[in-house]
Each structure stands twice: as structure tokens, then as C-alpha cells.
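Per our numbering, the very first residue in the sequence shown carries number 128; after that it's consecutive. Note that CB positions come from ideal geometry on N, CA and C, so glycine has one too. These figures come from a predicted structure and were not determined experimentally. A short worksheet on the structure shown next.
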Amino acid sequence: MDLTIEGKVYINGSFEKCCIGVDQGRISSIKKISKGEKHLDFGDKLILPAGIDIHVHFRDPGMIHKEDFSTGSLAAAFGGISCVFDMPNTIPQVTNLQVLSDKIITLGKKSYVDFGVYSCVTNSNIKNAREIGEKCSGFKIYMGNSTNSLQLDKSNLREVFKEIYSTGKPVLIHAEDEQCLDKNKTKERNLVDHLNSRPSKCEEKAIRDILESSRNINSKIHVCHLSSYEGLELLKNRAENVSCGVTPHHLLLSVEKDLKPQLRYKVNPPLRKSFDREILFEGVRSGFIDVLESDHAPHNFEESIVDFEDAPSGLPGVETMFPLFLHMAKKRKLSFQRLVSIICERPAYIVGIPKGKIEVGRDADIIVVDLKKDCKIKSEYLHSKCEWSPFEDWSAIFPMHVFVRGKKLIEEHELLGNQGFGRFVGK
Ligand SMILES: [Zn+2]
């Protein structure tokens, strides 16, 4: 055995003192006592699966002044995320095999953590979805406009769901109805105006269309960044193959909070009221919501020195997601079972990768956590190019050590890993 890692290990819902054996990057055994060529004993520190973020925008290629895959993946690593899945609205947009292959090569040279890449399904490339699906990690559909996105008409949804079934890959959907957004568009001067421009009923309408169009089709369908009570209510009656996610910002922030400067919190779907926020948090606790996804979408500081109306939408969050919720688990605002389910197990299942769980045969993607090490989030110590956090001064617990495929990437909160270590998780 190459390596054994000892500590209080999270296995099947509880913590047990034991040793994880690692061979060639995979977990080869889990025993009460065992010793490999190298043995690391973390005493009573917690050992959890590393997180998987199925929704990031690392802006590479094409917008590397905002972020690039080295800074984005570095932020992920420090935040205990061992694998990220990048959205296709980079430049050029990922809509065909050539662009997809080029992007995978580019990212492979830069990434600190493992990664997947989505392809966008638009009105004009539906028939190529099967071919692209051989290689991409999944598909993205934009039903409503957002930053640099290509849309798909809702009349084409059913055809897409049918078309991708044989690929076995998931389709992730930005669920805001375009006509509804058009109808409600108003002049925007602040976050409340932005919310009024994109009301809950637009999300509700889009989700209704998704559920209707996917009836009796067994493709993996994931509704991204759920933000409203109405949306959650509809999804309570979803079929097994439909999942949904929520972001840290929709769970923790709302328009009633005194958020400044307002335009930096502009995001789609918008931050809503504390009523929606609380219902969503309850949805996470009770298990109705499957996944926590950061929707990490950074912009530069210069881009935010404009009028509210002209400011781009999107918040950073890949580095702070797991640490914020580790602190909440410590404070018993949600259980460790739910935490591991929404950040590790369910994401791994949705994108179909052998990670997200401490189990023989899976990748040894592991974090070591000292629950006594609370800290306050300070953006100056984060690694994204955008240099700010919507969670400045919030309490968090960052992992001390992070392993990816048995290799230590972070040791005592310091970087050990190299750019280019991260691998594409598909073919
Ligand atoms: Zn997104």
C-alpha cells in the first residue's frame, strides 16, 4: 500500500476512527488498523471526502482577465474542492467537439484539481449532442438570458432530453423563462429592481416547462441554482432522474440585507427575499435539494465601477462554499450527513465520477478538517482573481489538508501541488 491516512473518518453517515489505504490514487482499503509505506495519523481530526463543484465559470479560455483555470482551480483546492465542472460560456462557446477538445487541453495544463467540461446545447446544435456527449461531462441549457449565454427555445427541450439520453450525461439547466423575463424587465438601480426584473414566477414557469417536457424521459436533468419558494414547491413532485441545486449566496443572502456595494451582488437568478432563502435552507436540511453548487462567476473590480444597470451578473464562491458550510455543520445548522450529501455524494452521482465518498475503489480525494480552527473569511487571503467575497467576515472552517487522488495538494493550509496535476475526468 502506498499510503495510509488515519483519523476520524466519515463513513456511511458517521465518524469512525480508522485508516484509509491508498494505492495508485484510489482507496484500496478501510480498516481499523493498517499501515502503508507512508502513514499519516491525523489523530482526532475529521476526515471527509473532498467536495465536488458541478457549477463553476473559470472564464478560461477567452476572459482570463476575470479568472483563469489556474487561479480558479487553486481557489477550489484551498476550499476543499477536488473536482470542478466548468460551464461552456467561455470564448469561444463550447458548442462543438473541436472547441471542447481544445478547451480540455488548455485546462489540463493549468488545473490544480480534477475537472470536467460541459457543452452548451443551443437551437442549432441539438443533432450533434450525441456526438459531443461522447466526450463532454454534461450539457448546459440556458432558458433565459445571462452573461454571454446562448439560449435554447423551450419548444426544443423535449427533443434535447431525448437526444442526450443515450449519452448518459446530465443536462444542467438555467431555469428562467425568457418571455417572462422580457415582460418584467424594468430600469434597474439596485438589487430590489433586479429582483423585480426577474421575479420568481419566471423560474416557476421554466421549471414547469422542464418537468412537462421531460415526462417519461429518463435522462439526467439538473435544475441549477434554484432560488425561489415557487420553484422548490414544483420540484417536490419531480421524477427520480431530475435533481436540483442551490448556491451558497441564495441560501445565505437576501435583498433585505444591507449589501454593499449593491451592484457587486447582482446575480442571475437574483438574490430574493429572506422568505425564499429560509425555505431553500429548509429544503437543504430536509433533503429536497440535492446539491450545493457555487456558480462561481467572478468579475473584475474595474467592471463594477459602472451604473448598476450596466454591471455584469455573477458572484465568486468556489473557495468559500465548503468552509462556510463546515462551520454551519459545526454549529448544527445542518447535519454532516446532509453536508456530505450535497457537496460530495450527490454531485459525484450526477456527473458520474468515482469520487465524493470514502469507499474502496473511489479516488482518494480527501480533506482533513480541524473543527476547532474557525476563522473569518478575508478576501485578501482568497485565490480568485476577483479579489472580493460576498462572504467577507463570515465564519468558516477551511480544510487543513487536501488530497486529490492520494496526492497532497494542500498541507497545513499551504500549497504543495502543481499546476497541470488536475486531470480531465472524462474520456
Ligand atoms: Zn452559472
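Alpha carbon of residue i to alpha carbon of residue j, nearest angstrom
i: Val183; j: Thr217; result: 11 Å
i: Glu514; j: Arg325; result: 27 Å
i: Leu130; j: Ile253; result: 46 Å
i: Ile348; j: Ile232; result: 27 Å
i: Asp121; j: Pro215; result: As displayed, the chain neither begins before 128 nor continues past 554, which places residue 121 out of reach and without an answer.
i: Ser246; j: Arg186; result: 14 Å
i: Phe415; j: Pro474; result: 14 Å
i: Val496; j: Lys310; result: 48 Å
i: Leu451; j: Ile524; result: 7 Å
i: Ser161; j: Leu167; result: 11 Å
i: Gly206; j: Lys460; result: 20 Å
i: Asp195; j: Asn395; result: 21 Å
i: Lys296; j: Phe212; result: 13 Å
i: Ile179; j: Val433; result: 34 Å
i: Ile208; j: Gly199; result: 11 Å
i: Arg316; j: Glu261; result: 45 Å
i: Leu442; j: Phe551; result: 25 Å
i: Lys236; j: Asp229; result: 11 Å
i: Gly553; j: Phe242; result: 9 Å
i: Ile300; j: Pro425; result: 20 Å
With 16 other Cβ atoms within 10 Å as the buried cut-off, status of residue i
i: Phe428; result: exposed
i: Tyr508; result: exposed
i: Thr313; result: exposed
i: Glu143; result: exposed
i: Phe402; result: exposed
i: Asp422; result: buried
i: Glu472; result: buried
i: Pro219; result: exposed
i: Ser155; result: buried
i: Val369; result: buried
i: Arg391; result: buried
i: Ala366; result: exposed
i: Lys172; result: buried
i: His192; result: exposed
i: Arg532; result: buried
i: Ile337; result: buried
i: Arg399; result: buried
i: Pro176; result: buried
i: Glu303; result: buried
i: Glu258; result: exposed
i: Pro397; result: buried
Residue i Cβ short of 7 Å to ligand 1 heavy atom set
i: His184; result: yes
i: Ala424; result: yes
i: Met270; result: no
i: Met448; result: no
i: Met527; result: no
i: Met190; result: no
i: Met455; result: no
i: Met214; result: yes
Distance between beta carbons of residue j and residue i, contact taken as under 8 Å
i: Val418; j: Gly372; result: 4 Å
i: Leu224; j: Val244; result: That belief does not hold up - the Cβ atoms of Leu224 and Val244 are roughly 12 Å apart, past 8 Å.
i: Arg465; j: Arg412; result: 6 Å
i: Ile291; j: Ser346; result: 5 Å
i: Ile147; j: Ala438; result: Not quite, the Cβ-Cβ distance comes to about 46 Å (not below 8 Å), so this is no contact.
i: Ser327; j: Tyr356; result: 7 Å
i: Ala202; j: Val445; result: 5 Å
i: Glu430; j: Cys351; result: Not confirmed; about 23 Å, so no contact.
Could I get the ranges of all uninterrupted alpha helix (DSSP H) runs contained in the stretch 363-421, with 4 residues as the minimum, in chain order?
375-379, 401-413
For the stretch 195-266, which segments carrying the beta strand (DSSP E) assignment without a break, of at least 3 residues, lie completely within its bounds, in sequence order?
208-213, 241-247
Hey, which unbroken runs of the alpha helix (DSSP H) at 4 residues or more fall wholly within the stretch 336-364?
356-362
Starting from the N-terminal side, write out each stretch of the alpha helix (DSSP H) that is 4 residues or longer and does not extend beyond the stretch 146-175.
none
Complete runs of the alpha helix (DSSP H) confined to the stretch 477-536 [at least 4 residues]:
none
Run through the stretch 435-478 for me and flag every whole alpha helix (DSSP H) of 4 or more residues, listed as ranges in chain order.
448-457, 463-467, 473-478
Suppose only complete runs of 4+ residues qualify. What are the alpha helix (DSSP H) ranges in the stretch 281-326, listed by chain order?
284-291, 305-311, 318-324
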